[in-house]
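Asker:
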Amino acid sequence: MNYIKEINAFHNQNLFEPLSSSAICLWYALMHFNNLCGWKKEFSVAASQLQSVSGLKATAFKEARLELQRKGRIGVTSRSGNQAAVYRMVSQVMVFSMEEEYIEENEKSAKEVPIPQDNLQNDHQENPAEADQTADETIGQSAGCNTGHSNGQGSGCNSDSSPGPFFKQDITKQKQNKTTAAAAGAIRFFEDNFGGISPFISRSIQGWVADTSEPLVLHAMELALEQGVEKWRYVKGILEAWKVKGIVSVEAAMMEEKPGRGSGQVREADKFSAEIVPDWFVERKKKEREQERKRREELRKPVDPVDAVREMEEVREMLAGLGV
1 MNYIKEINAF
11 HNQNLFEPLS
21 SSAICLWYAL
31 MHFNNLCGWK
41 KEFSVAASQL
51 QSVSGLKATA
61 FKEARLELQR
71 KGRIGVTSRS
81 GNQAAVYRMV
91 SQVMVFSMEE
101 EYIEENEKSA
111 KEVPIPQDNL
121 QNDHQENPAE
131 ADQTADETIG
141 QSAGCNTGHS
151 NGQGSGCNSD
161 SSPGPFFKQD
171 ITKQKQNKTT
181 AAAAGAIRFF
191 EDNFGGISPF
201 ISRSIQGWVA
211 DTSEPLVLHA
221 MELALEQGVE
231 KWRYVKGILE
241 AWKVKGIVSV
251 EAAMMEEKPG
261 RGSGQVREAD
271 KFSAEIVPDW
281 FVERKKKERE
291 QERKRREELR
301 KPVDPVDAVR
311 EMEEVREMLA
321 GLGV
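Going by UniProt numbering, 139 is the number at position 139 of the sequence shown; the sequence numbering is gapless.
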């Protein structure tokens, strides 16, 4: 296998048949081990090593491996006992080349389709240049219907001027890349301070960054860490509370956190509580605390054994007098 060609063909194939981020990470990990093995047709590697290199947990690793199998990117043969599975990499260069040849063959077949004479007679008044353009559009549409992919001339079976699926998918991919780039700082901050991150949490962070802003999401994470909670669910609760209150900036969130909403005034409840507490009540509480302190000091003093024996004798005499 040619490493560079395989990677390029892999990305080209993903334009037509996208993979999840977990599956892409696992495919790169498998390519790495296949390269170490000298590009053997079949090789064996432990699941723990693949999880370590790809950064996937056990559940995500199994789902990604199954996805690559279903979409024909790899072959997997499980073995009994504690033996590692055997993997076989499917060449992406071969798969993508076969699709290109299939498209070219259909285009060639479409061009060889004879044009009915009745159509030529009915359209004899048309401009020859316009007739050639119409025939080219028909060929492009026919090729698009047969291959199921956009080839730049026709977009599926539609004859309007809207972009084909390939360009729509490319635009969507560009938007996703921009969203991922905007949330890169928040994702990195979560990984460094909250621990590992799953694909679900990564997508959730990207969604909140797109809906609000990265600084606001980072501020919510910092508040969660200050509270000693290292859970994305807690961060999400903060963001949802801000969304209900219409807070969309860090400045507004900081104003919300200040007492009295940043007015610099003492709250009315604090004034009221300070006015209704009388002096005698404060003095009584002070005496109670002093008595409690003395009682604790008495309890901490060592007990004289002679006094303890004398007290026990007195208790026995008192109980004997009561007939107990």
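The beta carbon of each residue, even a glycine, is placed where N, CA and C say it ideally should be.
None of the values given here were measured: they were computed from a predicted structure.
Using only the alpha-carbon positions, how far apart do M31 and S198 sit?
Answerer: Here residue 31 refers to the residue found at position 31 when the sequence shown is read from its first residue. Here residue 198 refers to the residue found at position 198 when the sequence shown is read from its first residue. Cα to Cα, M31 sits roughly 22 Å from S198.
Asker: Given E256, which residues of its chain have a CB within under 8 Å of its CB, disregarding the five upstream and five downstream residues?
Answerer: Your numbering for residue 256 matches position 256 in the sequence shown. So the qualifying residues of the chain are W242, K245, I247.
Asker: Under the rule that 16 or more other beta-carbon atoms within 10 Å means buried, what is P293, buried or exposed?
Answerer: If you number the sequence shown from 1, residue 293 lands on position 293. Checking the displayed sequence, the identity of residue 293 turns out to be Arg instead of Pro. Exposed is the call here.
Asker: Strictly by DSSP, which residues pair up with M89?
Answerer: Position 89 of the sequence shown, counted from the start, is the residue given in the question as residue 89. Per DSSP, I74.
Asker: Among A253, C37, R296, Y28, which residue has its Cα nearest to the Cα of S54?
Answerer: Within the sequence shown, the letter at position 54 stands for residue 54. When each option's Cα is compared against that of S54, the closest is Y28.
Asker: May I ask you to report which of helix, strand or coil DSSP gives S21?
Answerer: In the sequence shown, counting from the first residue as 1, residue 21 sits at position 21. S21 falls in the helix class under three-state DSSP.
Asker: So is H11 buried or exposed if we call it buried at 16+ other beta carbons inside 10 Å?
Answerer: Working through the sequence shown from its first residue, we reach residue 11 at position 11. So H11 ends up on the exposed side.
Asker: I'd like to check one pair, M221 with V209: are the Cβ atoms closer than 8 Å?
Answerer: The residue labelled residue 209 in the question sits at position 209 within the sequence shown. The residue labelled residue 221 in the question sits at position 221 within the sequence shown. Not closer than 8 Å, so no.
Asker: Please state whether DSSP places S44 in a helix, a strand or coil.
Answerer: By one-based count along the sequence shown, residue 44 stands at place 44. Reduced to three states, the DSSP call for S44 is strand.
Asker: Is E42 near R70, with beta carbons less than 8 Å apart?
Answerer: Within the sequence shown, numbered from 1, the residue matching residue 42 stands at position 42. Within the sequence shown, numbered from 1, the residue matching residue 70 stands at position 70. No, these two residues do not count as a Cβ contact at 8 Å.
Asker: Since G185 and L218 are thought to touch, with beta carbons under 8 Å apart, how far apart are those beta carbons, to the nearest angstrom?
Answerer: The residue labelled residue 185 in the question sits at position 185 within the sequence shown. The residue labelled residue 218 in the question sits at position 218 within the sequence shown. Indeed they touch by this definition, with Cβ atoms about 7 Å apart.
Asker: Alpha carbon to alpha carbon, how far is E251 from P215?
Answerer: As a first step, residue 251 is located in the sequence shown; it is residue number 251 there, counting from the start. As a first step, residue 215 is located in the sequence shown; it is residue number 215 there, counting from the start. About 10 Å.
Asker: Taking just the CA atoms, how far does V93 sit from A9?
Answerer: Here residue 9 corresponds to residue number 9 of the sequence shown, with the count starting at 1. Here residue 93 corresponds to residue number 93 of the sequence shown, with the count starting at 1. About 5 Å.
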